[in-house]
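A.B. asks: When we follow this note's numbering, the leftmost residue of the sequence shown carries the number 21, and every step to the right adds one.
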Amino acid sequence: MSSIKDVAREAGVSTATVSHVVNKTRYVSDEVRARVLAAVERCGYYPNAHARSLASGRTHILGLVVSDISNPFFPELVKSIEAAAFERGYDLVLSNTNYDPERTSHYVRRFIERKLTGVVIMTSELDAELIGELARREVSVVFLDLGQPGVHMSNLRVNYEAGIEEAILHLVSLGHTEISFISGPAHLRSAARRNESFRNSMRRHLSDTRALVYRGDFKLEGGRRAAREILAARERPTAAVAANDMMEINIPTYLVVRGSTAPARAPLRDGAQPRRAADGKQSADRRGGAKQQHAGARRAPARKDSDKVK
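(1) Three-state secondary structure (DSSP) at Y234?
(2) On the CB-based measure, 16 or more other CB atoms within 10 Å of its CB, does D50 come out buried or exposed?
(3) Does DSSP classify G195 as helix, strand or coil?
(4) Which two residues bound the contiguous alpha helix (DSSP H) that contains N179?
(5) So, helix, strand or coil for N116, using DSSP?
(6) In terms of alpha-carbon separation, which member of T37, V140, G242 and G170 lies closest to A211?
(7) Could you give the residue range of the beta strand (DSSP E) that holds L164?
(8) Between G195, E102, R254 and M21, which lies nearest to H80 when the distance is taken from Cα to Cα?
(9) Can you list, in chain order, the residues of its chain whose CB lies under 6 Å from that of I89, leaving out five sequence neighbours each side?
(10) Taking the alpha-carbon of V52 as reference, which of G64, V27, L226 and Y65 has the nearest alpha-carbon?
(11) I'd like to know if the stretch 130-140 and the stretch 149-164 are in contact, where contact means that at least 3 CB-CB pairs between them fall below 8 Å.
(12) Please state whether DSSP places S303 in a helix, a strand or coil.
(13) Quick one: complete alpha helix (DSSP H) runs, 4+ long, within the stretch 74-155?
(14) Measure the alpha-carbon distance for L208 versus G195 and round it to whole angstroms.
(15) Is it buried or exposed, G138, if we count other Cβ atoms within 10 angstroms and call 16 or more buried?
(16) Pick helix, strand or coil for S39, following the three-state DSSP scheme.
(17) Considering only residues of the same chain and omitting the five flanking positions on each side of V60, which have a CB-CB separation below 6 Å?
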């Protein structure tokens with residue numbers, strides 16, 4: 021296996037010059053650069069990424085944390101961020117938390133230990149102490165609805181209130197008054213915010229109607245479970261607002277299979293590809309999934325040693 025000394029000898033330059041060319045750390049003339057790169061190719065030399073990170077204090081690796089990779093929203097997100105990272109010469113490490121805050125903290129700690137250049141956290145749960153640690157270590161971070169923007173930190177805010185308001189108004193315009201909400205896990209702040217937004221909107225537009233909330237989990241099973249509860253209810257709602265696509269997908273299928281008419285749906289669209297339900301009918305409010313994906317990709321931390329997050 022060739023070493024940096026072999027490349028330097030082949031190119032007729034010092035090892036320091038080879039290092040500057042490979043790591044792009046200092047100006048080298050075009051003629052010398054071409055000679056070094058040709059020698060690298062002939063020798064089959066691969067730089068030691070670990071040694072390079074020890075010298076610079078950073079890797080050329082970004083970490084991406086998502087809540088549930090089976091959610092159709094996240095593969096598109098990963099694709100966009102990976103493309104943005106590749107264009108800037110960075111590799112991407114993907115971690116899936118399955119909506120578990122402890123796993124989120126575990127992965128972020130590992131990213132800090134491994135000196136990743138930047139982290140994209142597409143989940144709304146993270147220990148405040150870890151956020152502070154990321155800031156102290158000047159790790160570039162993109163949050164989803166979490167933390168405060170700063171020199172090295174960007175935050176993509178989600179307007180749940182506006183999205184749910186639009187969904188409720190749409191259903192009211194269709195004549196619905198018995199509207200239910202399928203929420204997310206109780207321990208997630210993002211789920212609590214969506215739940216609160218639904219109740220506020222119902223108070224504004226249907227103050228005489230009780231807000232019906234069915235507990236979900238942001239997953240397919242949550243939709244099936246909510247459908248069972250709706251089917252068993254003495255007074256069934258005529259419309260449902262699902263907190264995300266994963267739960268919404270199974271509701272019409274489950275109800276139609278059981279011989280019931282599925283209520284109108286107004287899911288908070290998070291960018292998942294649309295799927296036709298068994299009854300073929302759907303009222304959907306698409307909530308800017310593509311915008312989140314592209315914004316996350318644009319802000320994906322890709323700073324050099326002296327750069328700040330833009």
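Ideal placement from N, C-alpha and C gives every residue a C-beta, glycine not left out.
Just so we're clear, the structure is a prediction, and the values are computed from it rather than from any experiment.
C.D. replies: On the basis of the coordinates in this document:
(1) Working through the sequence shown from its first residue, we reach residue 234 at position 214. The answer is strand: DSSP assigns Y234 an E or B state.
(2) Position 30 of the sequence shown, counted from the start, is the residue given in the question as residue 50. It is exposed - the Cβ of D50 has fewer than 16 other Cβ atoms within 10 Å.
(3) Residue mapping note: residue 195 aligns to position 175 of the sequence shown, counting from 1. Coil, per DSSP.
(4) By 1-based counting over the sequence shown, the position of residue 179 is 159. Element bounds for N179: n/a, residue is neither H nor E.
(5) On the sequence shown, position 96 is the one that residue 116 refers to. DSSP places N116 in strand when its eight states are reduced to three.
(6) Counting from 1 along the sequence shown, the entry for residue 211 is found at position 191. Of the candidates T37, V140, G242 and G170, the one whose C-alpha sits nearest the C-alpha of A211 is G242.
(7) Locating residue 164 in the sequence shown gives position 144, counting from the first residue. Here the beta strand (DSSP E) through L164 covers S160 to L164.
(8) The residue you call residue 80 lines up with position 60 of the sequence shown. Per the Cα distances, E102.
(9) Here residue 89 refers to the residue found at position 69 when the sequence shown is read from its first residue. These residues qualify, in order along the chain: N116.
(10) As a working note, residue 52 is residue 32 in the sequence shown. Of the listed residues, the one whose Cα sits closest to V52 is V27.
(11) yes
(12) Indexing the sequence shown from 1 puts residue 303 at position 283. The predicted model places S303 with a pLDDT of 42, which falls under 50 and marks its position as unreliable; any figure quoted below should be read in that light. S303: coil per DSSP, three-state reduction.
(13) 93-107 and 121-133
(14) The residue labelled residue 208 in the question sits at position 188 within the sequence shown. The residue labelled residue 195 in the question sits at position 175 within the sequence shown. Distance between the alpha carbons of L208 and G195 is about 32 Å.
(15) Walking along the sequence shown from the start, residue 138 turns up at place 118. Counting Cβ neighbours within 10 Å, G138 comes out buried, since at least 16 surround it.
(16) For the purposes of this step, residue 39 is identified with residue 19 of the sequence shown, where counting begins at 1. If DSSP states are grouped into helix, strand and coil, S39 belongs with the helices.
(17) Numbered from 1 along the sequence shown, position 40 holds the residue referred to as residue 60. Result list for V60: V27, in chain order.
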